[in-house]
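Sequence order for the protein chains is R and Y.
Okay, so the first sequence: first residue is 1 according to the numbering used here, each after it adds one.
Okay, so the second sequence: first residue is 200 according to the numbering used here, each after it adds one.
Every residue gets a Cβ at the ideal spot worked out from N, C-alpha and C, and that includes glycine.
There are 2 protein chains.
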Amino acid sequence: MAAPKSFINLVQQLSILPGVGEKTAERYAYSLLEREYEEIEELSKALLEFKKNIKNCSICGCLTDNETCDICEDKSRDTSTICIVEDSKNVFFIEKTKKYNGLYHVLNGLISPMDGKNPEDLNISNLVNNRISDDIKEIIIALNPSIEGEVTSLYLQKVLEKHNVKVSRLSYGIPMGGDIEYLDPIMVSKAWDDRKVIS
Amino acid sequence: MAAPKSFINLVQQLSILPGVGEKTAERYAYSLLEREYEEIEELSKALLEFKKNIKNCSICGCLTDNETCDICEDKSRDTSTICIVEDSKNVFFIEKTKKYNGLYHVLNGLISPMDGKNPEDLNISNLVNNRISDDIKEIIIALNPSIEGEVTSLYLQKVLEKHNVKVSRLSYGIPMGGDIEYLDPIMVSKAWDDRKVIS
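Okay, here's the thing in structure tokens:
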């Protein structure tokens, strides 16, 4: 005799979460038993609301509950700078640093021929065709320093070359708290190239 | 500027799962973005159905979608044996071994004065008052060999003494694949006491 149907069904459904196998899903299900009905209802509602409301901003591609995102709508931001990132996660993360007050452009992916991801699969044409004007003074490329990130950076650099706009990228370097002898040689050589005169 | 409301709300709601912090909840939320609306709907529904339907069997205390569980309702089972376990998880696990064809009684907890769990908080009176009759030939105590498990075992032993019924417990021993020198001494001494004559 196995567990009740509603239990087995929930375990199966919870297994769609990344890294959640049968054991973890069962642990989740047992823990939900201890919760009030209202709490489960809230979770159930949050899932539906999330899936119903969330979309990509029609300007920058970032996640938003509206047609355009709060950042694109914010008139107090510096509209002369655009920071290009891989996904919305990066936007929310950079926002936490409070370092940057410009606009973003979310590619929603990186070029990766191995995974069948070509430039036309990314949110690039909207950037080039609709967002770059004489008002834009700088484009900051803030992609991960992976192979896919480098390839995408180079591609963007080429595409943006035709436009009269300054293009920069984040500096590569030794991460704070990192130990030089444990970094991989490519990282160190990148930090070498990006070295900064200090006196 | 932070993430959209529906996103933040979902992350918050997912954090009620055990061991799920903000980072993991965010990972779950991003992964749900890639899923079809129908899949999220299924998950959302499974949560509600689970919480609505699941209850404890009025006879043995095991989780069930009905008033009484499939095991208690199964006329082909041996109704002369009752196996006492801590929770429903144990029932489903023992069922997987296909070793046992009797009935169960789920305590839904163990005696633990430290956590304010006394005998009257467990599903014991229903066992003693309603389930033990002359038809019951054996009661098998299958509790974890923890301090709480031992205390509960001893308590049950005392309560069941007054009834004319054979009471047994699972044997303690070296787990298959275990290494004697890495077991704790109490475990080894228990295995010593439960040793079996083999020739």
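Cβ pair residue i, residue j closer than 8 Å
i      : j      : result
R/Y28  : Y/L216 : yes
R/I124 : R/K117 : no
R/I82  : R/L103 : yes
Y/I253 : Y/D264 : yes
R/N90  : R/A46  : no
R/L122 : R/G109 : yes
R/F50  : Y/F206 : yes
R/P145 : R/Y172 : yes
Y/K297 : Y/E337 : no
Y/D277 : Y/N300 : yes
Y/A202 : R/L63  : yes
R/E26  : R/V11  : yes
R/V188 : R/I198 : no
R/S44  : Y/S243 : yes
With 16 other Cβ atoms within 10 Å as the buried cut-off, status of residue i
i      : result
Y/H450 : Here chain Y comprises residues numbered 200 to 398, so residue 450 of chain Y is not present and cannot be evaluated.
Y/F291 : buried
R/S88  : buried
R/G61  : buried
R/E36  : exposed
Y/I385 : exposed
Residue-chain proximity (residue i, chain R), Cβ-Cβ < 8 Å
i      : result
Y/R330 : no
Y/K250 : yes
Y/A202 : yes
Y/Y381 : no
Y/P217 : yes
Y/R394 : no
Cβ of residue i within 8 Å of any chain Y Cβ
i      : result
R/E39  : yes
R/E22  : no
R/A142 : no
R/N9   : yes
R/I198 : no
R/L122 : no
R/S44  : yes
R/S76  : no
R/S125 : no
R/A191 : no
Residue i versus the options, residue with shortest Cα-Cα distance
i      : options                        : result
R/S80  : R/R131, R/F50, R/R195, R/T97   : R/R131
Y/R368 : Y/Y381, Y/S352, Y/D383         : Y/S352
R/N129 : R/Q13, R/T24, R/H163, R/T64    : R/H163
Y/T267 : Y/S257, Y/R276, Y/Y236         : Y/S257
Y/E238 : R/Q13, R/Y37, R/L43            : R/Q13
Y/Y354 : Y/E319, Y/S332, Y/S388         : Y/E319
Y/E241 : R/S15, R/T24, R/G21, R/G178    : R/S15
Y/R394 : Y/D383, Y/I373, Y/G377         : Y/I373
Y/I283 : Y/Q356, Y/S275, Y/K251, Y/G377 : Y/Q356
R/S133 : R/D115, R/E148, R/L160, R/K23  : R/L160
R/E148 : R/M114, R/E95, R/D135, R/I136  : R/M114
R/E150 : R/D135, R/G178, R/E86          : R/E86
Y/K251 : R/G19, R/K96, R/K5, R/I140     : R/K5
Practice item. Identify each residue in the region 278 to 310 of chain Y for which the Cβ-Cβ distance to at least one residue of chain R is less than 9 Å, and report them in chain order. Key: D286, S287, K288, V290, F291, E294, K295
Practice item. Name, going along the chain, the residues of the region 145 to 172 of chain R whose beta-carbon falls closer than 7 Å to a beta-carbon of chain Y. Key: none
Point to revise | Members of the region 54 to 69 of chain R near chain Y, C-beta cut-off 7 Å | key: I54, L63, T64, D65
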